[in-house]
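S.K.:
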Amino acid sequence: MKKKSLVLMTIGVLMLVGSLEIPTMAQEAYPSRAVTTIIPWPPGGGTDSAGRIFAEVMTKYLKQPFVVLNKPGASSTLGASALAKSKPDGYTLGHLGSTATLAECFTKYFTTDYTSEEFVPVAQWSGYPPVYFCEAGKPYKSFKEVLQSAKTKGEVLFASRGRGEATSLILHVAMEKEGVKNIRFVPFKGDSEILSAVLGGHADFGVITFSLAPPLMAAGKIKSLAIATQDKIPAYPDIPNMYELGYQSGIRQFYLGMFAPKGTPEGIVKILEKATEQVTMDPTFQSRMNNMNQPVIFKNSEQLNGIVQEMKKTYFEMAQKGLM
Amino acid sequence: MNFMELLPGLLVIFEPLNLLYCFAGVFIGTLIGVLPGIGPVGTMSILLPTTFGLSPVTAIIMLAGIYYGSMYGGSTTSILVNIPGEAASVVTCLDGYQMALKGQAGPALGIAAFGSFIGGTFSILALMFLVFPLASAALKFGPPEYFSLVCMSMTILIYLAKGSVSHAVIMILVGLLLSTVGIDMISGIARFAFGSATLTDGIGLVPLAMGLFGISEVLTNLEGPLERNLLKTKITGLLPSLQDWRRSIGPITRGSILGFLLGILPGGGAVISSFISYTIEKKISKHPEEFGRGAIEGVAGPETANNAGAGGAFVPLLALGIPPNIVMALLLGALMIHGVVPGPLMIVQRPEIFWGTISSMYIGNIMLLLLNLPLIGLWVKVLKVPYRILMPLILLFCLIGAYSLGNNIWDLVLMIIFGVVGYLLRKLEYEEAPLLLAFILGPLIETNFRQSLIMSGGSFMIFVNRPISAVALVISAILFISTGWSYYRMAKGRIGGE
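Each protein sequence line maps, in turn, to chains A and B. The first sequence runs 1 to 324 under my numbering. The second sequence runs 1001 to 1498 under my numbering.
Next up, the structure:
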């Protein structure tokens, strides 16, 4: 008896799942069914949370559920690869950052089966500016003083995100300009390890995503020295960025944007671009992102493409210098 | 600490809505803990949007409940079918499953539940009184200290062996080798990936654990099911007897303290504490030969330690806003969405959240105990399900669990390969547990060693100059020599006796 009902239930569930997947035959207004958004990070990080908030608000504007699918792995390139290989019908999209879109610049590190040409940038809706910081008790008053101290007083330990990572490259640009050599890059896995290392005095300064910094600054635990990109944080106008300090690295912004597989109809890209703009202006979205100290930045498809291309050029130049 | 703020905070949990969500959290947590592969991280992130409409304190009460609830459930499958529900329950398989084979699944599950309750409650008490001093103490652990601590853990891995010591050593080395697959954190270069994007990411813990334990268990049973006494003998008791309690009280006490302290440290704290607890119990036991053959101490100690570790993990999050593991990162994210920022100022700015979370953990632990004890009867009945039905179901759950992790089909392939490997290892009498634990410790020992040497510019003195590191190394050396000596004497004794 029990066995029978279990079988029936299984069949029922299978039929239900099957019916969801039946594609609509007629030319209907996009979107006419649920849209899958690939997030190439594991559940739980800041980007994943932001992506889930985005999906929730997007559902409100396009009247169809936006379903998040986490495909983490290989520094977010596995998810990007899945996006590049999916059907360009507008029903599979992805939220990607610079590493995922520009993986071809990191061939030394990853084996990827796609290039940045296989994506259509839809729109940027956020970014994650990284900040160089030190423990509050350190004698450094500014970013330049850290470089000076490395020049005059000897070895300085930098808790880095790893070799070839953009924030390490940006620091190399600054060091080259100031003629500083003896900063030792100690690689750590993830921002919380970097924070622990710097707060525990195991490294002199480090780099984290800015969203983690405000509570620790308010509690007097850390000092923010400089934003690694060209971003400005409206609530903290006093923190300079690297461009203001005179280190034009060619890496202006760490974008987080929506990308579609190449071949997605232009009309659909336009609809999504418009909806993304609406989401970024939505008060609920803004307040939730604000709560997470995650910036809301809108750039349209063309502008986002410009940023991607400039970054690509920079990465290739750095690779030629042997920095990556 | 201001105890005047404590009382209103503690009362937060008694609001009916909070009690309801606390129960929902621990209930879901128990379920996912029982299902192998499906862990708290995936579940919490799927449920995250449902908390948007709640008040922040209710949200964190539920999410935290899922986390420590899953630690309770993790032991169930270890004991019943020899598949660890969570990484922290790997060592529970060693004696828990043996107990189940002897018809003692009830007492094993019971002592795991009570141990979890005691360990969990102890860690909340410690969390309440010591959160700030402990958080700053944890920061003293830099790469050299970690290296020495993991070194110490490595030297005692050998105690996990119930059979041949040389086999255990080989398994440890294989585990270390497997852990080197993937992108090397320091140079950023892929090792042993053979051009595969999946391998670039390294071998996943879940496919490895479920393959070695779960799939190989199913394969072994295909030959002809193991005899389970449960089916023949009458189940004498579902709960631990007085005799069981007498044997377990020591392991539970030690497991509580050990688990909490190691849980504070980032990265694998709960896993390390569970097997250190096991080895300590085996080492100081008057009858070490029973370990691996169904000693209740081997279930009580580790299960207590991993739950106490779950409480310890809250220390850096609540006191500093630094998440020591991915689950805590998720909680941090959930709080931030609600505009609450965990960190040094949270206890001042939002005391009701700080104390509300802590008090919810007391109530949640009681709920878990009340929830789990009646379930024991049900779980034991699971063992009566015929193998021809139980085994395909185990296989199915392993497949779903491994796939749900990253929606990656190659994880399934890896799991099946490791299942076959695990089956062959069993036939040849090699044990899986040392392999798996060495696999978990491998990246920790390697990364911290290399980070330390980069910090010191290549000088090994960094491990001796720093007091915590030096002490840990001295202990490792003593353990290493004493183990070597005792095995030498044993071997000599055997030769002499012949």
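Just so it is clear, CB atoms sit at the ideal spot from N, CA and C, and this is done for glycine as well.
How big is the Cα-Cα spacing for Pro1499/B and Tyr315/A?
M.R.: Beyond the ends of chain B as shown, which are 1001 and 1498, falls residue 1499/B; an answer cannot be given.
S.K.: Exposed or buried, Arg1388/B, counting other C-beta atoms within 10 Å across all chains shown (16 or more means buried)?
M.R.: With fewer than 16 Cβ atoms within 10 Å of its Cβ, Arg1388/B is classed as exposed.
S.K.: Label Ala235/A either buried or exposed according to how many other C-beta atoms from any shown protein chain fall within 10 Å of its C-beta, with 16 as the threshold for buried.
M.R.: With fewer than 16 other Cβ atoms within 10 Å, it is exposed.
S.K.: Can you tell me whether Pro1316/B is buried or exposed? The criterion is at least 16 other CB atoms within 10 Å of its CB, across all chains shown.
M.R.: Buried, since its Cβ has 16 or more Cβ neighbours within 10 Å.
S.K.: Alpha helix (DSSP H) containing Ala275/A: first to last residue?
M.R.: Element bounds for Ala275/A: 266-281.
S.K.: CA-CA distance, Met25/A and Leu1412/B?
M.R.: Unreliable placement is indicated for Met25/A, whose pLDDT of 43 sits below 50; no coordinate value is reported for it.
S.K.: For chain A, check one thing: does any of its Cβ atoms lie closer than 9 Å to the Cβ of Gly1312/B?
M.R.: So no, Gly1312/B is outside the interface.
S.K.: Identify every run of the alpha helix (DSSP H) within the region 1001-1081 of chain B, keeping only runs that are complete inside it and at least 4 residues long; order them along the chain.
M.R.: Segments of the alpha helix (DSSP H) lying fully in the region 1001-1081 of chain B: 1003-1012, 1016-1034, 1040-1047, 1056-1081.
S.K.: Give me the Cα-Cα distance between Pro265/A and Ser1045/B, rounded to the nearest whole angstrom.
M.R.: So the alpha carbons of these two residues sit roughly 32 Å apart.
S.K.: Got a sec: is the Cβ-Cβ distance from Arg252/A to anything in chain B below 9 Å?
M.R.: So no, Arg252/A is outside the interface.
S.K.: Given this structure, state the Cα-to-Cα distance separating Phe1260/B from Tyr243/A, to the nearest angstrom.
M.R.: Rounded to the nearest angstrom, the two C-alpha atoms are 46 Å apart.
S.K.: Quick check on the DSSP output: the beta strand (DSSP E) that includes Phe1213/B runs from which residue to which?
M.R.: Neither: Phe1213/B is in no beta strand (DSSP E) and is coded neither H nor E.
S.K.: Alpha carbon to alpha carbon, what distance is there between Gly1103/B and Thr1233/B?
M.R.: Since pLDDT at Thr1233/B reaches only 44, below the 50 mark, its modelled position is unreliable, and the value read off the structure follows with that caveat. Between Thr1233/B and Gly1103/B, the C-alpha separation is close to 7 Å.
S.K.: Can you check whether the CB of Val207/A is closer than 9 Å to the CB of Arg163/A?
M.R.: No, the pair does not count as a contact, with Cβ atoms beyond the cut-off.
S.K.: Below 8 Å on the Cβ atoms is my guess for Ile1060/B versus Thr1357/B; work out the distance and round it to an integer in Å.
M.R.: That pair is a contact at about 5 Å.
S.K.: Report all residues from its chain with a CB closer than 8 Å to the CB of Glu1431/B; omit the five preceding and five following residues, and keep chain order.
M.R.: Excluding positions up to five away in sequence, the list reads Leu1160, Ala1161, Lys1162, Gly1163, His1167, Ala1168, Met1171, Leu1425.
S.K.: Using a Cβ-Cβ distance under 9 Å, would Pro187/A count as near chain B?
M.R.: It does; some Cβ of chain B falls within 9 Å.
S.K.: Closest by CA to Asp191/A, which one among Glu1290/B, Asn1325/B, Val1174/B?
M.R.: Per the Cα distances, Asn1325/B.
S.K.: Since Ser116/A is in the beta strand (DSSP E), which residue starts that stretch and which ends it?
M.R.: Segment: none, Ser116/A is in no beta strand (DSSP E) and carries neither H nor E.
S.K.: Which residues, in chain order, does the region 1140-1158 of chain B contribute to contact with chain A at a C-beta distance below 8 Å?
M.R.: Cβ contacts with chain A: Lys1140, Phe1141, Gly1142, Pro1143.
S.K.: Please return the same chain residues whose Cβ sits closer than 7 Å to the Cβ of Leu20/A, not counting the five positions on each side in sequence.
M.R.: Its pLDDT being 48, under 50, Leu20/A is placed unreliably in this model, and the value from its coordinates should be taken loosely. Here the set comprises nothing.
S.K.: Which same chain residues end up closer than 7 Å to Leu1080/B when comparing Cβ atoms and leaving out the 5 residues on each side of it in sequence?
M.R.: Hits under 7 Å: Ala1100, Ala1105, Trp1379, Val1382, Leu1383.
S.K.: Mapping the DSSP letters down to three states, classify Leu1231/B as helix, strand or coil.
M.R.: The predicted model places Leu1231/B with a pLDDT of 48, which falls under 50 and marks its position as unreliable, so this point remains unresolved.
S.K.: For the region 1168-1187 of chain B, enumerate the residues whose C-beta is nearer than 8 Å to any C-beta of chain A, in chain order.
M.R.: From the region 1168-1187 of chain B, only Ile1183, Met1185, Ile1186, Ser1187 have a Cβ closer than 8 Å to chain A.
S.K.: Could you compute how far the alpha carbon of Ile1111/B sits from the alpha carbon of Leu1127/B?
M.R.: Going from the Cα of Ile1111/B to the Cα of Leu1127/B covers about 23 Å.
S.K.: Ala328/A touches chain B at which residues, Cβ-Cβ below 7 Å?
M.R.: The question about residue 328/A has no answer here: the residues shown for chain A are numbered 1 through 324.
S.K.: Report the partner residues of Thr36/A according to the DSSP bridge assignment.
M.R.: For Thr36/A, which the question treats as bridged, DSSP gives the partners Val67/A, Thr92/A.
S.K.: Given that a residue counts as buried once 16 or more other Cβ atoms are within 10 Å of its Cβ, and exposed if not, what is Phe259/A?
M.R.: Burial call: buried.
S.K.: Mind checking who Pro130/A pairs with in its DSSP beta bridge?
M.R.: DSSP lists Thr209/A as partners of Pro130/A.
S.K.: The beta strand (DSSP E) with Met1461/B in it runs from where to where?
M.R.: Premise fails: Met1461/B is in no beta strand (DSSP E) and is neither H nor E.
S.K.: Secondary structure at Leu323/A, three-state DSSP: helix, strand or coil?
M.R.: Coil, per DSSP.
S.K.: What first and last residue would you give for the beta strand (DSSP E) that runs through Ser160/A?
M.R.: Here the beta strand (DSSP E) through Ser160/A covers 156-160.
S.K.: Could you pull the start and end residues of the alpha helix (DSSP H) that Ala260/A belongs to?
M.R.: Careful: Ala260/A lies outside any alpha helix (DSSP H), inside the beta strand (DSSP E) at 255-261.
S.K.: Measure the CB-CB distance between Ser1499/B and Thr1050/B and report whether it falls below 9 Å.
M.R.: No answer is possible for residue 1499/B: the residues shown for chain B start at 1001 and end at 1498.
S.K.: Can a CB atom of chain B be found closer than 9 Å to the CB of Glu310/A?
M.R.: No, its Cβ sits nowhere closer than 9 Å to a Cβ of chain B.
S.K.: Under 8 Å, CB to CB, which of the residues in the region 1026-1057 of chain B have a partner in chain A?
M.R.: The residues in question are Val1041, Gly1042, Met1044, Ser1045, Ile1046, Leu1048, Pro1049, Phe1052.
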